[in-house]
Each structure stands twice: as structure tokens, then as C-alpha cells.
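Take 738 as the starting number for the sequence shown in the working numbering and just add one per residue. For each residue, glycine too, the CB sits at the ideal point set by N, CA and C. Here is the structure we will look at, set down as C-alpha cells.
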Amino acid sequence: MAPVMATQVGRAPKALRGTIRVPSDKSLSHRVALFSAMAQGTSRVSGLLDSLDVRSTLRAVEALGATVELAAGEEGLSGTIKGWPAAGPSSPVVPLDCGNSGTTARLLLGALSGYEVVACLTGDESLSQRPMGRVTEPLAMMGATFAEGDGEHREHKKVRPLCAPCAPHPLQQTLPLTVYGSAQLKALDYVSPVASAQVKSAILLAGLTADGVTRVTEPHKSRDHTELLLPAYGVQVAACGLSVTIEGGQRMRASDCMVPGDPSSAAFLLVAAALIPDSEVTVRDVLLNPTRTGFIAVMRRMGADIEILESEQGGLGAERMGAIRVTHRAGLQATTVKAHEIASLIDEVPIMALLAAAAQGETVFEQVGELRHKESDRFAAIVAGLNLLGVEAFAQGDDLHVVGSALQTSGVPLETHGDHRLAMTWSIAALATGQELAIDGLESIAVSYPGFFEDLKRLS
Ligand code: S3P
738 MAPVMATQVG RAPKALRGTI RVPSDKSLSH RVALFSAMAQ GTSRVSGLLD
788 SLDVRSTLRA VEALGATVEL AAGEEGLSGT IKGWPAAGPS SPVVPLDCGN
838 SGTTARLLLG ALSGYEVVAC LTGDESLSQR PMGRVTEPLA MMGATFAEGD
888 GEHREHKKVR PLCAPCAPHP LQQTLPLTVY GSAQLKALDY VSPVASAQVK
938 SAILLAGLTA DGVTRVTEPH KSRDHTELLL PAYGVQVAAC GLSVTIEGGQ
988 RMRASDCMVP GDPSSAAFLL VAAALIPDSE VTVRDVLLNP TRTGFIAVMR
1038 RMGADIEILE SEQGGLGAER MGAIRVTHRA GLQATTVKAH EIASLIDEVP
1088 IMALLAAAAQ GETVFEQVGE LRHKESDRFA AIVAGLNLLG VEAFAQGDDL
1138 HVVGSALQTS GVPLETHGDH RLAMTWSIAA LATGQELAID GLESIAVSYP
1188 GFFEDLKRLS
């Protein structure tokens, strides 16, 4: 892809000032779209994120039999979603294109496993390289069947089951995949090797129709939106420590949902304010779920000036919301981000690594191997990008080390690998240096934050 100059963000390190609402939370928007499709009745939803990823989920649930009537407004998509029939979704005649969205693919694989349905899931080049075995393996233990390919063999379900000698090991599975759901799933007690909300959610959604109680236990707590939101759809879920249980046979009923702003999108503006002198940025109406706001604790530890103004008004279901304000303060210090904190800031590691580059000393992000399985190999891309910016950054096993120093521009384009969070991170680097940086492709930002550059302009 031809390099693109990040001129949209200006040439001088100009302070960012003002109050803004960032686009709605992506994780919650996917769940509201999918849960409303699975529920009986018509849900009224507002403020769904209007981005490429969420549109992938909306298109998929429509193809499965839900009726989606949403209109775009200032704060996202609002309107109604009528659930698919009580008998379950219909088998789509064409593949469900999940685009760039891992959440769409993995949650759908879980949700569809519990119905008598055959559906092929595809994705773009990036998604087609991401591991799906982490969900298909436990879902197969529950009784769903998966086959690689586009489902042209859907009439021959028994011929190409998951465990046929010619099939790749389930853990190596990637899209395209065809799921053959079953209305007779068995409950599962699953100890997940990864802290992943997508894995946890896929199993819980399959557990909804399974016979018995399904339990997922994680090594660290991942984002808990599925367990917090399901009760709003009439489903009881119990969370205890690192385990979540769900009893099969519960019916989902329609709900009214309003989605607050996305803390992961807010993080880019808040880190920019921490990096650029004289800045003060307030992000209002943003989700304040503790499983998502680990970056705030880390920024505080590094010496950033952050204020949280929790809203009296409730968020979505049991979710909390409020405002976050960052006022620039000089003298950031390095820190160690412990392994148990990583899940609560996994999507913020790229922008936090940029912040670490501006801090004095060596920051360590422990056990961030999961970054290798995101929309790109973020681990390698962060190291390469920071090195190009003259910053010493390196991997030591699964730990990421960043040694603070002044950012320098080399003229060599920074690579985004089509990854929205890298594109926004390098754009903030351009803003912080006040210089033009060549960045190879910014269009991926539409996956989660289509108005990113407009919002930066509004604040400058
Ligand atoms: C998500 C979970 C996380 C996160 C992703 C969204 C979700 O992925 O990185 O952007 O909505 O459940 P993992 O479950 O793979 O950690």
C-alpha cells in the first residue's frame, strides 16, 4: 500500500483542549447487536458504534434472520433489532463475511453452535490468519462440528467433521470455517489457557442452549461485558472470581440498550493530552468498566494527571459510565505493567507503548504474547515502529520493553499492517512530534473510530 502522509494531524505539536464524546464502545455494540438478534421480541437500541466492525455483525445477524432497522445519528446507530424466530436462526445461503472483526467471528461461532444451523464464516486477509481453534475446540467438546472451507459440502456434514484424519488440528483452524450447530449441546466446564473475552463469550453463548451448567475459568479476568449484559436480556449468569457460569435452557428476551463511549478509542485522545504540553482533554459519557480501564491506573502510576468523574446516570445494564479528564503534566516515569493487568488494557498496549517512549526509564509490559494474535502482529509492529522513531524497544520472551527517549523521525514509513490501533498510535506519534510522519495506510481506522481525525481537529 502506498505510504500516506499523516498531514491531517498537523505539523506543530499543538495542544489539544476541549470536551468530546468518542464513538460508542465496540465490544458492547457487537454484543447488543448479537444479543438482540438472539432474543425474542424487538429490542430498542441507541448509540451503537457506526463502524466497519459493527456493521459486519449487523449484516451477519440480518442474514441469519434478525430484522435490523437502524438509522445513523450523531452518537451512532439507533432504532430496533427484532430477534430471529424462536426456532433459531436460518442457515444463510451465502457466507457471513466478518470482515476484520474477531469479535464478530468468535461470538457468532459460539452463538450458532447451539442451533440446528449451517453457516460459513469468512473474513478479510487479517482475520483469516487469526486463530479460531481457541473457540472451535471447546465448542466441539460441547457437540458442535466445524469444517474448514466455505461450506460447499454442507450436504455432507458427516463426511468432513472436525476430527477427520485429514482435518488440521483444531487449534490451527482459521477462517473460512463452516459451523454445523446442534440443538443438543452438552454443558462444558472449561479452563481456558488464555484470558480472552471472545473465547469466554463464545462458550457462554453456546452454554445458553446446552444441557446443564457451563463454566468458563480464565487465567486472568478478561472484559466482562457478556456477563454484565446478558441479565438485561433476561439471562442469569453467575461470576465468581475467575469463573463464570451459565445454566442452559434460558430464553433471551428483548431489551432496551444505550451504548456509552469506547474507552479504547478515548485512550488515544487521553494519551495525546498526556504527551502534548498545555493539553487538557475531557472525554464524556464513556464506559468506565474496570475490566477495560487498566490504562488509567497505569497512566496514573506513570505520573499523568487524570480525573474520573463517574456519572450518576447508569450506563448499559450493570455497566458504569462517566467522564475522564487528562491534563498535561511533565515528568512521566516508567512503570512495570504486570501480567495480571494486561487483559484490562490489551487493546491499549500500542498507545501505552508510545506513552512509555515519552517516560523516563524503562517500561515493561509483562506477558503480552496475545498481541501477536490481534488484527496484526502488534508485538512486532510496536517494536519496529518505535525503533523507527528512534526509541529502544524490544521483546524479551513475551515481555515488551520500552526505554523512554525523544521521538525522532526517520522518513521511513511507519507500518500499520492494516491495523486500526497501530494507525491511530502512529498518528498520535505524528501529532506529538509535530512533524510529518509517513504512515502506510490510515483507512483501517474506520474499523473502530471513523471520525478520529475530525475529533483531533475539533480538539486542536
Ligand atoms: C474483545 C476482546 C478482546 C479485544 C477485542 C475485543 C471483545 O479480544 O482485544 O478488541 O469484544 O470481546 P480477546 O478476547 O481475543 O482478548
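Looking at GLY810 and VAL782, is the spacing between their C-beta atoms short of 9 Å?
-> no
Per DSSP, cross-strand counterpart(s) of THR1100 | VAL1139
For the stretch 997-1008 and the stretch 759-771, state whether three or more C-beta atom pairs, one from each stretch, are separated by less than 8 Å.
-> yes
Starting from the Cα of ILE1043, find the closest Cα among SER938, VAL1008 and SER1113 and give me that residue.
-> VAL1008
With hydrogens ignored, establish whether the beta-carbon of GLY839 is closer than 8 Å to any heavy atom of the ligand S3P.
-> yes
Taking the continuous beta strand (DSSP E) assigned at ASP861, which residues delimit it?
-> That residue, ASP861, is in no beta strand (DSSP E); it is neither H nor E in DSSP.
Is it the case that the CB of ALA1166 approaches a heavy atom of the ligand S3P more closely than 8 Å?
-> no
In terms of residues, what are the limits of the alpha helix (DSSP H) holding VAL950?
-> Run containing VAL950: none in the alpha helix (DSSP H); it sits in the beta strand (DSSP E), 950-954.
According to DSSP, is TYR1186 helix, strand or coil?
-> coil
Flag this pair as yes or no: are the beta carbons of ILE1045 and ALA1055 separated by less than 9 Å?
-> no
Presumed contact (8 Å Cβ cut-off) between ARG843 and VAL872, rounded CB distance = 5 Å
Three or more C-beta pairs closer than 8 Å, one from the stretch 1130-1138 and one from the stretch 1100-1115: is that the case here?
-> yes
Give the straight-line distance between the Cα atoms of MET1161 and SER850, rounded to the nearest whole angstrom.
-> 35 Å
Residue interval of the alpha helix (DSSP H) (run including THR1170) = 1157-1170
Distance cut-off 8 Å: ILE940 Cβ against heavy atoms of the ligand S3P = no
Return the bridge partner residues of GLU1129 from the DSSP annotation.
-> VAL1140
On the premise that LEU1125 lies in contact with LEU1012, defined as a C-beta separation below 8 Å, what is that separation, rounded to the nearest angstrom?
-> About 17 Å separates the two Cβ atoms, so there is no contact after all.
Pull up the DSSP beta-bridge partners for CYS977, would you.
-> SER980
For PRO868, which residues from the same chain have a beta carbon less than 8 Å from its beta carbon, with the 5 sequence-adjacent residues on both sides left out?
-> LEU908, GLN909, GLN910, THR911 and HIS1110
Going straight from the alpha carbon of ILE1088 to that of GLU1107, what length do you get?
-> 16 Å
Run the CB neighbour count on THR756, radius 10 Å, all protein chains shown included, and call it buried at 16 or more, exposed below.
-> exposed
List the endpoints of the continuous alpha helix (DSSP H) containing THR840.
-> 839-850
SER1016 to GLN1172 span [Cα, whole Å] = 18 Å
From SER773 to THR1028, what distance separates their C-alpha atoms?
-> 23 Å
When every heavy atom of the ligand S3P is checked, does at least one fall within less than 8 Å of the C-beta of ALA934?
-> yes
Along the chain, where does the alpha helix (DSSP H) that runs through GLU799 open and close?
-> 789-800
Length of the line joining the Cα atoms of ALA739 and LEU979 = Note that ALA739 scores 36 on pLDDT, short of 50, meaning its location in the model is unreliable; the coordinates nonetheless yield the value given after this. Looking at the two C-alpha atoms, the distance is approximately 45 Å.
Sequence-distant residues of the same chain with beta carbon closer than 8 Å to GLY1068, five excluded per side = GLY1040 and GLN1097
Are there 16 or more other CB atoms within 10 angstroms of the CB of ASP1192, so buried, or fewer, so exposed?
-> buried
With 9 Å as the threshold, decide whether the Cβ of GLY1155 is near any Cβ in chain D.
-> Included in the structure is just one protein chain, with no chain D present.
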